[in-house]
Structures are given as C-alpha cells and as structure tokens.
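Below: the structure, in structure tokens.
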C-alpha cells in the first residue's frame, strides 16, 4: 500500500478516536472546590457593618477550654444583598440563628452564625436586613473579599460549617436549608 | 395556524430533498437525462418549504404568537419591532431554521445556474449531495431542533424576550445571516468536490465551476466573523473583540481551511498540482462547519455563545462521522487518479509558496482545534479539569501570523516553476524597503517590543508587495488593473495588512483603568482629561437606561447601563471615541443612584483599533473586485478550457 | 582596489541595516517600566472567572470576577510574584482557573504537539521532494533547443509578471 493510502488509514483511525472523544463528553461546568472540607478552616478576622469585630481564632481558642456541650459550631454564610439565592435562604438562616441546632441525643448545641459580605456595601446590606430581618454579625471590611477567596467561594450564597475543633465540617454551595445545615452537628 | 404552516414547510423540504436526490440517482443509474432534469426541479420545492417555514416563524414572532413554544421562550411584547425579526436566530431551533433556509436557497440557485448542464453527471451528483445535506437539516427540525412545537400559554402570558445582549445592537440583524451565508455557502464547492470524486473527473473542472461560489462564501464568512468581532467590541465594555472562545474558534476553523483552499486552487488551475490538498481542504471546510455547529450546540465545551442544548449533539456528531467516512472512502477509492502529472520543481516558486501557505493555515487550524479540545482530552484521559485560553492561542498564533504575512509578501512576485535570486532581489526591493520603513515609523511613533515591531515590519513588507503588484497592473491596464482575481486579491491582501496592523497595535499597547467619579470630578488618563458631567434616566418599553455624560477632550461620550424589565438582567452599553490613531472606550460599571451620584467607569485605550474594521471592509471590497472579470475574453476561454479538460479526462 | 558594489546590493544592505537598528532600538529601549496596575491587568487576563464560561476575570462583570480583579491588584501591590499569585488562585479553585496550560507534564503536549506535527509534515515534504528529484531522469536539452525555448518564452512573454499573475484566463 502506498504512503498516501496508509496515511489515509492513519488519519481515519485518529478521526475515530476524535469522534469517540467528543461522543463521550458530558456537559461542561465549573465544579466548586470542596478540598476545604475536613481541613482546618482558614482563620480570619473582620469588622462588622455596625462597628463590631469578629475573630474566628478567638472562638476556636475559647472552644478548647469548654466542654463539648458549650463548644461553639460556627456557620459562616457568604452573602450579598444582590443575590437572589440569599433571599431564598434567609428564613432558613433566621431559623438557625434563633433556634440553634440539636445533636442526635436532643442536647442543644452552641451555634454562632456570621455572614461575610461578598462584593457588597454597608448601605445595601443594612437595607437587606431591615427588609428581611436578622440581627447576627455581618462582616464587611477591606479583607472580607479575600476571606471569600480563601474559602473558594464562587458566588453568593455559600455556607461553611466549622466544627468546634476548627475543621471544616461541610460546605454548601447555593441556598441552604435548615436541615442540611444542622445535619451532623453533635455536642 | 403558524405552527401547522411552519411544520408543513419543514416536511415539504424533507420530502422534496429526498425525492429529488432519489430521482437524480435513478436518472444516473439508468442514464436517463430527463429524470435528472426533473430531479433538479425539486430544489425549488425544497426552497419553497423553507421559505414557508421562515414566513410562518417570522409571522409568529412579529405577532407574538405564544402558542408556539419557540416564540413563548424567545419572544416578548416588549421587544422592539426590528429585534423580533432577529429573534428567529437568537436561539437553537431558530438558528437551524436559518441554516435550512440559506442552504435551500443555495440549492435552488445552484439548480438554476446549472440548469443548462443538468445532463452532466458531475452536476447531478453535486445536487444529490446538496439534497442530502438539506434533508439532514430538515430532519433536525423535525427532531431535536424543532422550532414549531406547541405551547399552551396561560392567560396574560408574556415571554421573556431574547437575551438582552441580543437586543441592544443593530448587528444582531446582520452578523448571523451573513455568517451563515458563509458557512452554508461552502456546501456548494464541497458538493462538487464529492461529485468530482464520484465521477472520477478530478481535473480543474469542479474547481472552475465553483470559483464564484467559493469566493462569495469566503467573503461572507470573512465579513461575518469581523462583524461578530465588531459587535463584541461595541457591547462588551472591555475593549475586547476576540476572546478565543470555543464558539469563536469554531467559526475561525472553516475560515482558515477555506482561505487555504481559495489560494491552493490556483496551483491546480495553472499546473494541476495540489489536487489532494484541494479536495482535503474543501472537505475539511465543510466538515469543520458541522463540527463547529456541534461544539456550539452540544454543551461539551462551556462558552458564552453556546446555545442551550436539546439533544442535538449526537445527531450532529453522527452526521459529521458519516460525512467524514464518505469523504475518506471516496479519496481512498479514487487515490490513483489524484496523483498530479507534474510536481513542484523548486521550493522557491509560486507552487512552493501555495504549498507553504497550505501548511501555515493548516498549522493554524491544528493549533486552534487542539487548543479548543485539549481540555476534553485531559478530562477523558486523566479525569481533571484544565483550561486552554487566550494566552495559549495568542502565543501560538503569533509566529504563524508572521509566516502568513511573509508569504503574502513574497508569493505575488514568485514566478511559476522556479525563481532565480536575481529576480527576487529585483522584485522584492521595494517591498523590503516598505517593511524597513514600517519598522522605522513604528519605532519613531513610540512602539516598543520585539514582537509587535516584527509584526509591523512584516505587515509593511506584505502591504508594499501588494501595492507594487497593483501599481504594475494599473500601469498596464489602467482602471482594469483594479479588477480580476489577481488584483482584487491584492486589495484583499491590503485589507489583511490593515487588519493586522490594528490587531498588533491594539493587543500590544492596550491600556485600561477604572475610576470612581463624583459629579463634576475630573481624572487624567492617557494624556486626556475625563470629566463626569451629568446623568439621566430613560425608560423604554423593555428596559430602563441609566446614562451618564462624560466629557473627554472636548467630546461628550454617553455610556450607559440598561436593566431589562423582563429578565432583570443588567447590560452595559459602552461608548467609543474613535480616531484613526486610537480608540478610547468608556464603559459604565456602576451607575449613579438616588442618594449616591458617584459612578464607576472603565476606560480602555487601544491604538489603531479602527483599522481592524476598515481592513475588514477593504477585504470585502477586494473580494467584490475579484469577481469582476479583468479580461473580456473570459467566457470563451473558460469554455475552451473546460472542453479540453473533458477531453483530457476521457483520454485518461 | 575598490570593490564594485551594485546599487541594488547597496540598497539591500542599507535596508537590512536600517531594519536591524530599528528592531534593536525598539526591543531594548527601556520605555516606561510596567506599572503595578498594568501587571495586575495582564495577570487578570490569565485567570479565569470561576463562575463564567472560560472568560478571564478581566473580561467579566460577574461579582467573583470583580473581587478577584481587585484582589490581584492588591496582591501585586503587596509584592507577590506572578507565579505566587497564579498558584494561589489555582489552590483555591482548581487548575482550570489558569487559562495558561501548564508547560510541564501531560499538559505540555498542547504546546509541543503543533511543533511536532509541523516538523513531521515538513520532514515528509522534504523527503517526498528529494525522492522526486533524485528519481528524475530528465532529458538533456541541446543548446539550440534551449535557445528556441528562450525565444518562445520571450515572444509570448511567459516570464512576465502579467502572465505569471493571470488568473482570470
């Protein structure tokens, strides 16, 4: 067989591989990064929109001196006033903030909810909370966007649950439900 | 009503295409010429079907007939009138209808133009091929891409309208149809290439009769791509016009092989060389249009341009595989007849330049195809996600671009068969000086950096070579020196040079910054004073526009942001101050609000950007000039050549 | 003894000199050093927006894109190097946010294979070319025949540029 014809056959084989490759692909989408789960939560501190302060490290240090029933589970909710998903999940967050969480044996565990504002401003945040309620700490300063990136946040809303020992227990991308957030909390 | 008419139109096209091809094949097998002539008539019926469906769809869109699912999903009572027409191609099913319409149109015109040659088996087989392709697209419209599905609208229903980015610029009405005229147009030379393979008549015959069709399709594809870039530039706000997005790459791939084909046929016409190249290039062009359609509509590669999927992917992939199989089988079968009688005697010759051209464009196409599907290869073999983006394509295309500019400079002066050094030294002297002076001028006006300077040098080299050719031609033939394939081609080359200058300057020397401004505040950027003067709010039928007035060096620009009522989507509308030396584009990122009148604007400055669009128009103009015959003897000579080609092939 | 230089050769030497000087000057002249915002902008063009379909953060209005753009600028101001900044975003989101494919490992294939393919194609052509020429058993022309051919070519102006570029016949 001539060089040309064997080249043709080689090309045909490569083409078959090409078509098989294309045929076996699914829809492409960017996957969120869940590497953080099970790892120590990135520490951060920030100012709230009302002039207060929150430091995750303080909470974790205090946890070490407490008995399990009193140790604090921290839920970090990455939030923005412009995000429609945040409106959807707000009632669930209110429930978490007001009622807390119960372990499987019925004991009420200590929980704390903080929101970290993502690409937002104080005025719009105040307006959001005035409209939808809620009085937990909302963090916003020059460093909070970096905090979001440290937690691999792609967009609001995303919520990270930090166990009392400082490890990330779970990361939920998108609007949460109360049940999904509290599942697995033990004290 | 519209739904029934529209669906019937599609069925009519499918039936006509199948009947037409069967009739012609029967006529070929039984050597009955009358059958073949009758079969060709079905082309008109197929076109009528598509025309009817298009009419039905347009009527449904304009009257907001929400009983049709496509109109319910894409139409809206708030959409301005003009954009209703363009809504037909703003989503998947409608875009396939547009493809079908253009394809059936080409089919009918081919049947008409070749009506006095219907007894020629080559024409018959070409029509059969076109009928089969048309049948496939009609089948798509009855299957996964059905534009005429019914919908039961609740009372008071109003659709969301097309994507806001498809509602705020006039080019939405021009870019897709012109692009499709290009894409779909290459079906014609492809069909004749298949016919040439089947009939075994692989001389210049099929090239000569499809010359005008190839040129027209190429010109439309070129202009369509440039309009797309212009549209992106006008609406996106980053000063960008090409993102190496998978869909953009998909449109560039057939353009690359199509351009190589357009040039390479000259070597076959003059010396019967590069036959396998020409067949491969035209078949690749057609295959790449199908592949591009698949990539755009299957969702396997994420893209901003991608249409929503609907199961059309597998259909397109099967069709692609089928066509590829047929082409490879035909080339394998006819392999012996494809050997050229002569060969390339010397690399330094016109033939050698065309071969180098094929290699350069082929390499370019390979790079773009590889970069686009490489993430898929990595995912398939290693189960991880990577990206191949603009940095890769820019770095790889730059050396290829330089090679192409270099070929553009030397090919017009190279003689056929063999070039002597003396001759090249003589003919290339002026062009070489043009390149050198371009370098000097670039450095004098402040351009720095080895790569862009090389680019300017090569562009000057190529441009001066084209001007030299034209000058000689005008001196010989006066005004006729502007028309004809050779001279028109030189004008197209000049357009390419202008485009290259714009590309090189704007990508190498772009500067961009964003500013927060209070009313009345002034900042300085790029040596100009920019003042935020005032703002206003305008309410339209389908959107609310926040517009600001920015004074820049004496002119007032009015960028705006629009919030579309139906979808809530925010779409920026940048404004551009254009001059022959640079473009300054201002985009409004953050509009003023009632209690906070400050705004955030982004300013992008790019030198020589307008030359991209000017170059595009010059390319279009040059293509038109190419189509005008430069000698009056043309008609008889083509006929003679044809009959001699026939004689040659009968002998063989 | 003075070397006789043809004006044409002189012209070529001159233009080569002019080009070289211009190129060297233009490549090595410092110009303005890159500002931090320019460096941040070119970095931003190589980081993909995590929420988009492959666009860089420099070309997206998505919130995460704006945030990353601002953070890149800050990291540049803090003195981080380009590779450190890129590595940070790859760490946070995955390799796919780096629009520049890696030049090591499997991914380097995307950079290397075009050159391989072109090299093989060129090699194949050179092989086919030299084989054809060495197979050539041409007929030698006599002096008279050569003269005749020269005359015919001159009369019909076959070697003129007009004839070489006549594509409309």
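Chains as they are written, first to last, in the numbering used here: chain H, 194 to 380; chain G, 4 to 655; chain V, 226 to 394. No residue lacks a Cβ here, since even glycine has one placed at the ideal position from N, Cα and C.
- In terms of Cβ geometry, residue 310 of chain V and residue 293 of chain V do not form a close pair [threshold 8 Å].
- Chain-order list of chain V residues neighbouring residue 399 of chain G: 339, by C-beta distance under 7 Å.
- In the structure shown, residue 323 of chain V adopts extended strand secondary structure according to DSSP, grouped into three states.
- Using a CB distance cut-off of 8 Å, residue 379 of chain G counts as an interface residue toward chain H.
- Following the DSSP letters along the chain, one finds residue 348 of chain H in no beta strand (DSSP E), marked with neither H nor E.
- What residue 288 of chain V touches in chain H, judged by beta-carbon distance under 9 Å, is 273, 275, 276, 311, 312, 313, 348, 349, going in chain order.
- By the beta-carbon neighbour count (other beta carbons within 10 angstroms, threshold 16), residue 157 of chain G is exposed.
- Under the Cβ criterion of 8 Å, residue 331 of chain G is counted among the residues facing chain H.
- Of the residues assessed, residue 525 of chain G falls on the exposed side of the cut-off, its CB having fewer than 16 other CB atoms within 10 angstroms.
- Per DSSP, reduced to three states, the secondary structure at residue 596 of chain G is strand.
- Here residue 132 of chain G has 194, 197 as same chain residues with Cβ atoms under 6 Å from its own Cβ, once five neighbours each way along the sequence are excluded.
- In this structure residue 275 of chain V touches residue 223 of chain H by the C-beta definition: roughly 6 Å separates them, less than 8 Å.
- Exclusion of the five residues before and after residue 452 of chain G leaves 511 as the residues of its chain whose Cβ lies within less than 8 Å of its Cβ.
- In this chain, the beta strand (DSSP E) harbouring residue 270 of chain H covers 265-272.
- In the pairwise beta carbon analysis, the segment 613-631 of chain G is classified as not touching the segment 514-525 of chain G: fewer than three pairs are separated by under 8 Å.
- Nearest to residue 292 of chain G by C-alpha distance, out of G:407, G:185, G:144, is G:185.
- Look at the beta carbons and you see the segment 103-110 of chain G touching the segment 134-146 of chain G: at least three pairs across the two are nearer than 8 Å.
- At least one CB atom of chain V sits nearer than 8 Å to the CB of residue 385 of chain G.
- Identification of residues in the segment 355-367 of chain G having a C-beta nearer than 7 Å to some C-beta of chain V yields 362, 366, given in sequence order.
- Residue pairing by DSSP places residue 528 of chain G opposite G:531 in a beta bridge.
- Take the alpha-carbon of residue 356 of chain H and the one of residue 252 of chain H: they are about 11 Å apart.
- Residue contact with chain H for residue 312 of chain G: present (Cβ-Cβ distance below 8 Å to some residue of chain H).
- The continuous stretches of alpha helix (DSSP H) do not include residue 546 of chain G, which lies in the beta strand (DSSP E) extending over residues 546-555.
- Flagged as an interface residue toward chain H: residue 295 of chain V, by a C-beta distance shorter than 8 Å.
- Excluding its 5 nearest sequence neighbours in each direction, residue 548 of chain G has C-beta neighbours in its own chain below 6 Å: 541, 563, 565, listed in chain order.
- Among the CB atoms of chain H, none fall inside 8 Å of the CB of residue 146 of chain G.
- For residue 395 of chain G, the nearest beta carbon of chain V is closer than 8 Å to its own beta carbon.
- For residue 444 of chain G, the number of other beta carbons within 10 angstroms of its own is below 16, and it is reported as exposed.
- Within 7 Å of the CB of residue 439 of chain G, the CB atoms of chain V belong to 240, 243, 244, in sequence order along the chain.
- A check of alpha carbon separations from residue 239 of chain H across H:258, H:336, H:377 identifies H:336 as the nearest.
- Among the residues facing chain V, residue 345 of chain H is included, as its CB has a counterpart in that chain under 8 Å away.
- Residue 517 of chain G is bridged by DSSP to G:605.
- With contact defined as three or more Cβ pairs closer than 8 Å, the segment 529-546 of chain G and the segment 196-213 of chain G are not in contact.
- In this structure, the alpha-carbon of residue 332 of chain G lies about 10 Å from that of residue 326 of chain G.
- By the rule that beta-carbons nearer than 8 Å mark a contact, residue 258 of chain V does not touch chain G.
- With a threshold of 8 Å between beta carbons, residue 128 of chain G makes no contact with chain V.
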